[in-house]
Amino acid sequence: MTSLLGVLFDGLAYGMLLFLISVGLAVTLGLMNFINLAHGAFAMLGGYVCVLALQRWGLPFLVVLPVAFVISALAGLLLERVLYRYLYHRSHLDQVLATIGLTFMAIAAASYFFGPMQQPLQVPRFLSGQVSVLGVDLNIYRGFLLAVGAALTVALTLALERTRFGASVRAAVDRPRVAEALGIRVGLVFQITFAVGCGLAGLGGALGVQVLGLDPAFPLKFIVYFLLVVAVGGTSGLKGPLYAALLLGVIDVAGKYYIPQIGAFIIYAMMVILLVLRPQGLVSRK
Amino acid sequence: MKPAPATQVTSGRAPLEEIVFWLVLAAGFWLWPSYLPLASQVLIAGLFALSFDLVLGYAGIVSLGHAAYFGVGAYAAGVLSKLGWGEPFSGLLLAALCAGVTGFLTSFLVVRGKDLTRLMVTTGIGLLLFELANRLTDITGGNDGLIGMEMSPVLGAFRFDMYGKVAYGYSLAVTFVLFLLMRRIVNSPFGLSLRGIRDNPGRMLALGYPVHRRLIAMYTLAAVYAGIAGALLAQTTQFVGTDVLSFNRSAELMVMLIVGGTGMLYGGLVGAAVFMVAHHYLSGINPTYWQFWLGAFLIAIVMFGRGGVLGGCMRLARAWRARMAKPAAEP
């Protein structure tokens, strides 16, 4: 019973992390219908920024996180200007090719600057260790992940549903031409949304160094998970990807804990089955 | 990347360029005698790219899991020879059968849905089989690979030698026969209907074509081709590692075909040659650079190049011909 609760807790924290990284992809892929296989590269950038800032520059962890967000968002903004905006109206094959190309370049650059090995990272002392709650040993860092994830989810939902900018994002996605006619600068809205998505991926990457590990192969290793969150979650705002990510996290952790010999098998099998049964995602728009 | 538009069923006669192309490959024994092992690898990759062209170029299915069928074929041939049956052609047949069955069964999952769903499902199938090969160590040898394959001589007369002469001849013969068959198929009414489906599935459905069944047939055929390519690799190198099923192999396959050009028959072969030779030399210098420039090249091809190397050559040739024809037409 206690191990069940522990696995559930770890799985939810893991899922929350996946959600944070994937939420940007949910916007580009789910809403703008743009296949961005390089999304994991932004998460990797955030991870390396985190490692660098913590170990070389000696910044405190809580300062490092926004720095990772900002740098990844700026990288996203730059790439949106020079590359992505030319690909919005191209075929899916073109998008897949260009973003795989970008991923290869990111992997090569990462191994050139940081070497091919895993990056070690020491979590600050106030976040390491365990607490015992109702007889279950809970990892503090994972609790921190859950808290940050929950806070950001609430903030994002409010931003998307209650602010003027959120309204223009929804308008730009649903009917770009009408939105344009109403005076919303659709291109600019997409740019900012894309940058925020990349920033969140970077933040997730920074938070995830502990849990997911960090090496140059990161973008390819985890892109399946990120795509999965969006493809399974569907395109109806943030709720679908959130549920999908939490489900995925719990199932993955539980699978690896209880039936280690099958390991990653469960996730891939589940993905194929879910996609075949519900091609529109768990929570579909209509 | 716009593939060549579906126009008409071309005549079965082979033009001069095609004959020269295959004669050059056959002359490989004398043209590049010390690079025969690399050349066999190119041929095998080329055959694999041909198979992928059936899926991507002719049927329009974006897949990132085509290595699944390559791997199934490689393991089928590998296990058969390890069990003591080393006759090569029966190994190819078994590989074709196994990959074909896998392809047929999975095709039902793949042809449903749109681009993104297909991409995910094919990726998922590829990863599933990779994990499976990793876990079934009794059969596949897992991470260590399948060691101890013993091949009998081809046709009972040609033993696989150190210099790769027999391997090259064997790969070339198999590739050539399968290429002829593919040429026939894509130029048949069946092949034409698939190009129609690729360009406008709704209209083909309205015209009364069984869109799903055609796609399933083509996907299965492509899986058979991929399986044979995998078996060739297993037999000529007498080793199978789990990398035959890896995601990287599927991604590189897509790169090869795009570099060569989709939907143009020779695109896969040309792309495989360019890719493998470039890989051989550039990764010899530094593997990291290779990956970086490969990525840059891919982006460049999407942004500026249409139809890959072959498409570029054809455009040049057309421009050249137009220039030559102009002075004659003017007076």
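So the sequences go chain by chain: A and B. For the first sequence, counting from 1, position 106 maps to 106 in this note's numbering; every step adds exactly one. Whatever position you read off the second sequence (first residue = 1), add 1000 for this note's numbering. Glycine residues also receive a C-beta, built at the ideal position from the N, C-alpha and C atoms.
Proximal chain A residues relative to residue i, where beta-carbon distance stays under 8 Å
| i | result |
| --- | --- |
| F1292/B | F104, M105, A108, A109, Y112 |
| A951/B | With chain B running from 1001 to 1331 in the structure shown, residue 951/B is simply not present. |
| V1302/B | L87, R90, D94, L97, A98, G101 |
| L1105/B | Here the premise fails: no neighbours, minimum Cβ distance about 12 Å. |
Partners in chain B for residue i, counting only beta-carbon separations shorter than 7 Å
| i | result |
| --- | --- |
| Y268/A | G1124, L1127, L1128, E1131 |
| V224/A | T1123, L1127 |
| A264/A | E1131 |
| L227/A | M1120 |
Straight-line gap, residue i to residue j (C-alpha atoms, nearest Å)
| i | j | result |
| --- | --- | --- |
| Q1008/B | S1188/B | Legend: pLDDT at Q1008/B = 46, less than 50; position of this residue unreliable, no value from coordinates given. |
| G208/A | L238/A | 20 Å |
| I1147/B | V1240/B | 7 Å |
| A1374/B | R85/A | Lying outside 1001 to 1331, the shown extent of chain B, residue 1374/B is not represented and no answer is given. |
| V1062/B | T1123/B | 10 Å |
| A171/A | F218/A | 34 Å |
| L1047/B | Q1041/B | 10 Å |
| A73/A | T1242/B | 37 Å |
| V96/A | R175/A | 25 Å |
| K289/A | A1133/B | No statement about residue 289/A is possible, as the shown extent of chain A runs from 1 to 286 and does not include it. |
| L62/A | P1210/B | 59 Å |
| L1257/B | I1299/B | 14 Å |
| A1222/B | G1261/B | 17 Å |
| A269/A | V253/A | 15 Å |
| V224/A | V1110/B | 17 Å |
| G249/A | V229/A | 10 Å |
| L1282/B | G1113/B | 39 Å |
Buried or exposed (CB count within 10 angstroms, at least 16 for buried), residue i
| i | result |
| --- | --- |
| K1082/B | buried |
| H1279/B | buried |
| R267/A | In the sequence as displayed, the identity of residue 267/A is Ile instead of Arg. Result: buried. |
| F1304/B | exposed |
| M1096/B | Looking at the sequence provided, one finds Ala at residue 1096/B rather than Met. Answer is buried; the Cβ neighbour count reaches 16. |
| N1286/B | exposed |
| V272/A | buried |
| L277/A | exposed |
| E1150/B | exposed |
| S128/A | exposed |
| R1118/B | buried |
| I119/A | It is Gln, not Ile, that sits at residue 119/A in the sequence shown. Result: buried. |
| Y48/A | buried |
| S1339/B | Outside the shown range of chain B, which is 1001 to 1331, sits residue 1339/B, and nothing can be said about it. |
Reference residue i; option with closest CA among the options
| i | options | result |
| --- | --- | --- |
| G295/A | A151/A, F222/A, F165/A, G40/A | Not covered by the structure: residue 295/A. The range shown for chain A is 1 to 286. |
| G1263/B | V1055/B, V1020/B, P1015/B, L1043/B | V1055/B |
| I71/A | I107/A, G58/A, A179/A, L52/A | L52/A |
| S91/A | D1199/B, A1217/B, E1131/B | D1199/B |
| T1140/B | T1117/B, V1101/B, V1072/B | V1072/B |
| I12/A | G234/A, Q261/A, V211/A | The identity of residue 12/A in the sequence shown is Leu, whereas the question assumes Ile. Out of G234/A, Q261/A, V211/A, V211/A has the C-alpha closest to the C-alpha of L12/A. |
| T1237/B | G1260/B, A1068/B, G1060/B, P1088/B | P1088/B |
| M1276/B | G1091/B, F1029/B, A1167/B, I1044/B | I1044/B |
| F9/A | V133/A, E180/A, I223/A | V133/A |
| L1215/B | F1029/B, L1194/B, L1205/B, M1204/B | L1194/B |
| L227/A | G1091/B, V1121/B, F1029/B | V1121/B |
| A1027/B | V1110/B, G1169/B, A1157/B | G1169/B |
| A147/A | Y14/A, F165/A, L182/A | Y14/A |
| L182/A | A167/A, K256/A, P120/A, G213/A | A167/A |
| H1066/B | M1162/B, L1253/B, A1322/B | L1253/B |
| G1100/B | A1068/B, V1177/B, G1060/B | A1068/B |
| L17/A | A179/A, L246/A, T157/A, L77/A | L246/A |
| G46/A | P66/A, N36/A, A75/A, A206/A | A206/A |
Closer than 9 Å at the beta carbon, the chain A residues around residue i
| i | result |
| --- | --- |
| L1221/B | Under the 9 Å cutoff, chain A gives no residues; its nearest Cβ is about 21 Å from L1221/B. |
Proximal residues of chain B, C-beta to C-beta of residue i below 8 Å
| i | result |
| --- | --- |
| I21/A | Near I21/A there are no residues of chain B at all, since even the closest Cβ is about 17 Å away, more than 8 Å. |
| Q261/A | R1135 |
| I35/A | D1115, L1116, L1119 |
| A231/A | L1116, T1117, M1120 |
Chain-ordered neighbours of residue i on chain A, where CB pairs are closer than 7 Å
| i | result |
| --- | --- |
| V1240/B | Near V1240/B there are no residues of chain A at all, since even the closest Cβ is about 20 Å away, more than 7 Å. |
| F1275/B | In chain order: nothing, as chain A lies at least about 13 Å away. |
| I1258/B | L97 |
| T1288/B | A108, S111, Y112 |
| V1211/B | None at all; the shortest Cβ gap to chain A is about 16 Å. |
| L1109/B | V272, V276 |
Residues that residue i contacts on chain B, provided the C-beta gap is smaller than 9 Å
| i | result |
| --- | --- |
| L220/A | F1247, N1248, A1251 |
Inter-stretch contact (C-beta, 8 Å, three-pair minimum) for the segment 1069-1080 of chain B and the segment 1229-1249 of chain B: yes
Cβ pair count under 8 Å reaching 3, the segment 1102-1112 of chain B against the segment 81-99 of chain A: no
Could you say if the segment 1283-1294 of chain B and the segment 107-127 of chain A meet the contact criterion of at least three C-beta pairs nearer than 8 Å? yes
Does the pairing of the segment 1307-1324 of chain B with the segment 1254-1273 of chain B give three or more beta-carbon distances under 8 Å? yes
Inspect the CB distances between the segment 1247-1255 of chain B and the segment 1020-1028 of chain B and report whether three or more fall short of 8 Å. No, the segment 1247-1255 of chain B is not in contact with the segment 1020-1028 of chain B.
Under 8 Å, with one C-beta from each stretch per pair, do the segment 238-252 of chain A and the segment 121-131 of chain A reach the 3-pair mark? The segment 121-131 of chain A and the segment 238-252 of chain A do not touch, with fewer than three beta-carbon pairs separated by less than 8 Å.
At least three beta-carbon pairs within less than 8 Å, the segment 180-197 of chain A to the segment 23-35 of chain A: yes
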